[in-house]
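*Asks:*
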Amino acid sequence: MKSSSNLSIGLQFLGMGLIWGASFLFMKVALEGVSYGQVAWSREVLGALALAVVMLLSRQRIPRDRTLWLHFTVLGVTNCVLPHLLFAWGEQYVSSGLASIYNAVTPIMTALVVTLGFRVESLSRRQIGGILVGIFGVLMIIGPWQHTALTGELWGQLACLGATACYGFSFGYNRKFVAKHKVPGTTQAFMNIGMAAVVMLLLTPVLAWQPVVLDWRVVGSLVLLGALGTGIAYVWFYNVLEAWGPTSTSTVTYVTPVVGVALGAVLLGETFSWHEPVGAVLVLLGILLTQRKPRARVPEPAAVERA
749 MKSSSNLSIG LQFLGMGLIW GASFLFMKVA LEGVSYGQVA WSREVLGALA LAVVMLLSRQ
809 RIPRDRTLWL HFTVLGVTNC VLPHLLFAWG EQYVSSGLAS IYNAVTPIMT ALVVTLGFRV
869 ESLSRRQIGG ILVGIFGVLM IIGPWQHTAL TGELWGQLAC LGATACYGFS FGYNRKFVAK
929 HKVPGTTQAF MNIGMAAVVM LLLTPVLAWQ PVVLDWRVVG SLVLLGALGT GIAYVWFYNV
989 LEAWGPTSTS TVTYVTPVVG VALGAVLLGE TFSWHEPVGA VLVLLGILLT QRKPRARVPE
1049 PAAVERA
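Okay, so the sequence shown: first residue is 749 according to the working numbering, each after it adds one.
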């Protein structure tokens, strides 16, 4: 039974990597007909609708704990609303493949946040070295020597980097405040995306008022991005997160840049400068170094007494 469960988790991990890798292509195509705000708006709303169907079919119950609702609101904003807006805005200025490469920085951001921010893990010297290598890789991707001013392309890259910081925060926040409640993966996904959809619906007059130009490519990209990438894939995400923990789960970004770059090159004809793939290799090397199982922090007696 255990091997069967491990296989299921592994397949879900691979599945979300493939779907999220393709999501950068879907965003780039969708931006041909709708605004970046409408892309993010559609992701949350369609994802929430898809997950509502899954909740009904699986007869899952919504938690009644008001504190949990507050935590899921925070996660909805930091794990969905903000990063989805940032990636969609950034892809107006950078290629889908480059955005997927930046997404690979997530494990490094996660390691920093869960260690320095939430203090639920501690890093070894090797992991600290991996973070430094990853940061150097990010600088290599940005290529600061070719930016004499803050151009639109650079702002787009920084937006993508900001999105990964949001993901890192949400991993740590989930680990500290939500994981202990043992909420089923499907319910976590619905609450997360559902609260994000509520926020987006409230922001409709600000984000979704622009005119649209729809064709089958734009509509298809939005549906796949929302129902599949922001719906079903999040069920798999929370199942893997529960089984593997935040740092290991964030290594899904090993898969996403490979898929994102391949689809961008084959279907959109995207190309790269020499420093971008070199930086991506350094980022992946940094991730490898940070992925040794971290040591859990042992609370000091005084901290236990205060709790």
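The C-beta atom is built at its ideal place from N, Cα and C for all residues, glycine as well.
With DSSP collapsed to three states, give me the class of R812.
*Replies:* coil
*Asks:* From S753, E1024, G977, L1030, pick the residue whose C-alpha is nearest to that of I890; which is it?
*Replies:* E1024
*Asks:* CB I876 to CB I856, shorter than 8 Å?
*Replies:* no
*Asks:* Find the nearest neighbour of G795 within the set H819, V886, V971, Q905, judged by alpha-carbon distance.
*Replies:* V971
*Asks:* Once the 5 residues before and after F774 are set aside, which same chain residues still bring their CB inside 8 Å of it?
*Replies:* Result list for F774: S969, L970, L972, L973, G977, in chain order.
*Asks:* Return helix, strand or coil for W1022, following the three-state DSSP convention.
*Replies:* Looking at W1022 - three-state DSSP - the assignment turns out to be coil, as it is neither helix nor strand.
*Asks:* When you compare each of I1035, E792, D813, T997 to G763 by their alpha carbons, which one comes out closest?
*Replies:* Checked all of I1035, E792, D813, T997; the closest Cα to G763 is T997.
*Asks:* Can you tell me whether DSSP reads Q905 as helix, strand or coil?
*Replies:* helix
*Asks:* Work out the CA separation of P892 and L823 for me, nearest whole Å.
*Replies:* 32 Å
*Asks:* Is DSSP giving N754 helix, strand or coil here?
*Replies:* helix
*Asks:* Can at least three beta-carbon pairs, one atom from the region 925 to 936 and one from the region 771 to 786, be found at a separation below 8 Å?
*Replies:* Fewer than three Cβ pairs drawn from the region 925 to 936 and the region 771 to 786 lie within less than 8 Å of each other, which leaves the two stretches out of contact.
*Asks:* Going by alpha carbons, who is nearest to M888 out of L1037, V1029, L1036, S771?
*Replies:* V1029
*Asks:* Quick one: what's got a C-beta closer than 6 Å to Q936's C-beta in the same chain, skipping five residues either side?
*Replies:* Y986
*Asks:* Spatial neighbours of G882 within its chain, please: C-beta separation below 6 Å, excluding the five flanking residues on both sides.
*Replies:* I856, V1031, G1034
*Asks:* What are the boundary residues of the alpha helix (DSSP H) that includes V1014?
*Replies:* 1003 to 1016
*Asks:* Quick check: the region 823 to 839 against the region 785 to 805, are there 3 or more CB pairs under 8 Å?
*Replies:* The region 823 to 839 is in contact with the region 785 to 805.
*Asks:* Using the beta-carbon count (16 or more within 10 Å), is G765 buried or exposed?
*Replies:* buried
*Asks:* Straight-line CA distance for L989 to G979?
*Replies:* 16 Å
*Asks:* Once DSSP output is grouped into helix, strand and coil, what is the label at Q786?
*Replies:* helix
*Asks:* For W992, does the three-state DSSP call read helix, strand or coil?
*Replies:* helix
*Asks:* For T935, report the span of its alpha helix (DSSP H) as first-last.
*Replies:* 933 to 950
*Asks:* Please state the DSSP three-state secondary structure of S771.
*Replies:* helix
*Asks:* Would S1021 be called buried (16 or more neighbouring beta carbons within 10 Å of its own) or exposed?
*Replies:* exposed
*Asks:* Tell me the DSSP secondary structure of A911 in three-state form.
*Replies:* If DSSP states are grouped into helix, strand and coil, A911 belongs with the helices.
*Asks:* At the level of alpha carbons, what is the spacing between E792 and T1019?
*Replies:* 30 Å
*Asks:* Which whole-angstrom value is the C-beta distance of A975 and A798, which I expect to be below 8 Å?
*Replies:* 4 Å
*Asks:* Once DSSP output is grouped into helix, strand and coil, what is the label at K930?
*Replies:* coil
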